[in-house]
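Data first, discussion second: the structure below is written as structure tokens.
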Amino acid sequence: MSLPLPTSLSPSKVSTFKDCALAFRFSAIDRLPEDPKLATIKGSVVHKALELLFISKQNERTRADAAACLDRALEEYVQTPEFEFLGLHAESEALSAFRSDASTMLDRYYTQEDPTTLEPVGVEIMLSAKVDGLLLRGIIDRLDLNAEGELIVTDYKTGRVPSERQEMSRLGGVHFYAFLCEQNFGKRPAEVRLMYLGANPQTIVATPTEQSIAGLNKKVKAIWAAVERACVADDFRPNPSHACSWCSFKEFCPSFGGDPSLARVDLRAKPDVSAAITTNTAVTLNGQLLA
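Dropping the structure here:
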């Protein structure tokens with residue numbers, strides 16, 4: 377029996393399908409909730425703190441202001457099921473260590489740029505575009521205008537810096553955002569930036585071109601065609617790797633003795649990590665409201 381198609385593709389869904397087609401099915405089609413992971417939640421809190429920082433005035437973006445934004449972000453998250461699941465209770469040692477790690481990531485952010493000199497046109501911007509009937513979606517962490525009036529896409533990463541071999545693959549996400557900007561604003565970003573806030577922080581910069589956008593378009597269409605074929609044949613295959621150690625779907629995976637057909641009747645009550653707390657801001661370019 378064929379499976380229903382997912383309603384859209386995003387950079388994270390593309391990445392999941394490339395890593396493991398079966399995990400994609402469980403997440404995007406069966407919509408199974410995933411166990412909250414400490415690193416994922418920590419990244420969400422740091423993203424939220426930076427979002428709050430950049431919706432503040434330029435002169436209110438000092439390191440002390442960032443600490444206050446982190447506290448505000450933690451206040452929003454501390455009562456969530458994710459924090460409860462991970463044992464991050466108010467006043468607990470676990471929460472104190474969590475905050476310390478998040479604060480260190482913000483320190484690393486300040487080694488890479490001065491937020492008091494920047495004026496974003498938007499943060500946490502949700503964009504979508506249709507390409508040959510396929511709906512593409514993405515959320516841009518921050519969109520800036522440089523001195524020449526060109527768009528700059530910045531994507532924060534709280535994990536490890538990729539190896540040179542992995543770098544091009546990781547840049548695929550920000551090129552995806554560049555494509556969405558071009559579709560929505562009629563303007564291709566001059567730069568896309570991956571800003572790593574983990575150990576050995578650094579910023580990886582790339583320049584979107586007509587060729588890179590065309591290549592992305594071709595790749596996304598090929599992935600969607602593969603998804604369509606897999607849905608028709610009900611044939612999403614696992615790809616065992618080191619990532620299996622933190623996969624939430626192992627109990628249904630045949631590589632671990634599971635039965636994928638049972639996933640669709642699974643009644644687990646787990647918190648949905650995708651339900652992020654966000655503050656979406658309008659995007660204005662040259663005085664015109666864009667999104």
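Take the sequence shown: its letters are residues 377 to 667, numbered as in our numbering.
Glycine included, C-beta positions come from ideal geometry on N, C-alpha and C.
For K506, the enclosing beta strand (DSSP E) covers residues G498 to V507. When secondary structure is reduced to three states using DSSP, L638 falls in the helix class. Exposure of E460 is indicated by the presence of fewer than 16 other C-beta atoms within 10 angstroms of its C-beta. When the beta-carbon positions are compared, R640 and A397 stay at least 7 Å from each other. The C-beta distance from L638 to F625 rounds to 11 Å, too long to meet the 8 Å contact threshold.
Going by DSSP, Q587 is part of the alpha helix (DSSP H) stretching over E586 to A609. Taking all protein chains in view, the Cβ of E458 is crowded by 16 or more other Cβ atoms within 10 Å, so the residue is classified as buried. The closest CA to that of A523, considering only S539, S621 and A566, is found on A566. DSSP places T480 in the uninterrupted alpha helix (DSSP H) bounded by E469 to Y486. Under the three-state reduction of DSSP, D531 is assigned to strand. Sequence-distant Cβ neighbours of C557 in its own chain, meaning closer than 8 Å and more than five residues away, are L503, I516, L519, L527, V529, K563, R564 and P565.
Taking C-beta atoms as the reference points, A404 and K389 count as a pair closer than 7 Å.
Nearest Cα to A478 within the set K533, E495 and K595: K533. Within the DSSP secondary-structure output, Q434 pairs in no beta bridge. Following the DSSP letters along the chain, one finds V581 inside the beta strand (DSSP E) bounded by residues Q578 to A582. In this structure, A470 and G463 form a Cβ contact; the two beta carbons are roughly 5 Å apart against a cut-off of 8 Å. Burial state of H465 is exposed, judged by a 10 Å Cβ sphere holding fewer than 16 other Cβ atoms.
Contact between the region 439–451 and the region 498–513 is absent: fewer than 3 CB-CB pairs across the two stretches fall below 8 Å. Residues of the same chain with a CB within less than 6 Å of the CB of V454, apart from the 5 flanking positions on each side, are A466 in chain order. Beta-bridge pairing by DSSP links V568 to V529 and A582. For D441, the uninterrupted alpha helix (DSSP H) segment begins and ends at R439 to Y453.
A straight line joining the alpha-carbon of G633 with that of W622 spans about 16 Å.
The DSSP-derived three-state label of R518 is strand.
Nearest to P577 by C-alpha distance, out of R484, V497 and G549, is R484. Exposure of D395 is indicated by the presence of fewer than 16 other C-beta atoms within 10 angstroms of its C-beta.
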